[in-house]
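Trainee: Here the sequence shown is numbered in the working numbering, starting from 25 and rising by one per residue.
We put the CB at the ideal spot given by N, CA and C, even for glycine.
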Amino acid sequence: MQVHEWLQTSTADDVMSRSVVVFQETDSVAQAAAAFLETQISGAPVVDNDGHCVGVFTVTDVLLADQKVAAAVAEVAESSLFKSHLALPASLYEEKLAQVRDRITPASEQPIAHFMTTDVVSVTPATPLINIVADMVNAHIHRVVVVDETGQPQGLISTTDVLAALLRE
25 MQVHEWLQTS TADDVMSRSV VVFQETDSVA QAAAAFLETQ ISGAPVVDND
75 GHCVGVFTVT DVLLADQKVA AAVAEVAESS LFKSHLALPA SLYEEKLAQV
125 RDRITPASEQ PIAHFMTTDV VSVTPATPLI NIVADMVNAH IHRVVVVDET
175 GQPQGLISTT DVLAALLRE
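1) For residue 80 and residue 193, I'd like the C-alpha separation in whole angstroms.
2) Are the beta-carbon atoms belonging to residue 194 and residue 152 less than 7 Å from one another?
3) List the whole-angstrom C-beta distance separating residue 78 from residue 142, where the pair is believed to meet the contact cut-off of C-beta under 8 Å.
4) Going by DSSP, what residues sit across from residue 66 in a beta bridge?
5) Can you pull the DSSP bridge partners for residue 35?
6) Rank 61, 70 and 40 by C-alpha distance to the C-alpha of residue 138 and give the top, closest one.
7) Hey, out of 27, 147 and 54, whose CA is closest to residue 90's CA?
8) Quick check: the Cα distance between residue 82 and residue 46, rounded to an integer number of angstroms?
9) Which first and last residues belong to the beta strand (DSSP E) in which residue 167 is found?
10) Compute the Euclidean distance between the alpha carbons of residue 51 and residue 140, then round it to the nearest angstrom.
11) Measuring straight from C-alpha to C-alpha, what distance separates residue 164 and residue 130?
12) Assign residue 161 to buried or exposed, taking buried as 16 or more other Cβ atoms, counted over all protein chains shown, within 10 Å of its Cβ.
13) Starting from residue 53, follow its DSSP beta bridges and name the residues at the other end.
14) State the DSSP-derived secondary structure class of residue 93, mapped to helix, strand or coil.
15) On a CA-only basis, which of 74, 58, 158 and 40 is nearest residue 48? Give me that one, please.
16) Does the beta-carbon distance from residue 41 to residue 180 come in below 7 Å?
17) Going by C-alpha distance, which of 150, 169 and 177 is nearest residue 31?
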């Protein structure tokens, strides 16, 4: 079978990984990083309380989380927050201080929802593989989430999954 024909006749259901690690949006960056190390994966879907896919969190996001927190700390240090808000009423000052504290909480303790990719490329099990590969190439991504009709993750397709399936053909 020719590769192009195989891509046209195969579907997400044919190549997806079914045993998928799924994160809750409230999981911490540290919890996700530990799961990546334990399971030897580099990314996973993130779901809300109803189990709907709301994002994807990757090892790259772990690294970017630290950078974002470091940038927030630098911004706070350079700002005149502490000087300009000394004349504020105590309640407003406490509110501003809480906002600063939230921004400089170590990345590892923050929920992954703060750092995940929310522009998720998802497909259904019946989506033709040729469309999935085109989506991955056009969006410059390494994985798509396979969801059911309610938006709940059923599987994951990575570039490795596509290549492994191609080798089996």
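Mentor: Concretely, from the data shown:
1) Each residue's alpha carbon lies about 29 Å from the other.
2) Any question about residue 194 goes unanswered here, given that the chain covers just 25 to 193.
3) Between residue 78 and residue 142 the beta-carbon gap is near 7 Å, inside 8 Å, which marks them as a contact.
4) The partner list for residue 66 (beta bridge, DSSP) is empty, contrary to what the question assumes.
5) Residue 35 is bridged to 152.
6) When each option's Cα is compared against that of residue 138, the closest is 70.
7) For the residues 27, 147 and 54, the minimum Cα distance to residue 90 belongs to 54.
8) If you take the alpha carbons of residue 82 and residue 46, they lie about 12 Å apart.
9) Run containing residue 167: 167-171, per the beta strand (DSSP E) assignment.
10) Inter-residue distance for residue 51 and residue 140 is about 11 Å (C-alpha atoms, whole angstroms).
11) Cα to Cα, residue 164 sits roughly 29 Å from residue 130.
12) By the 10 Å Cβ count, residue 161 comes out exposed.
13) Bridge partners of residue 53: none, in fact.
14) In the structure shown, residue 93 sits in a helix (DSSP, three-state: H, G or I).
15) Check the Cα spacing between residue 48 and each of 74, 58, 158 and 40: the tightest is with 74.
16) For the pair residue 41 and residue 180, the CB atoms are nearer than the 7 Å cut-off.
17) Answer by Cα proximity: 150.
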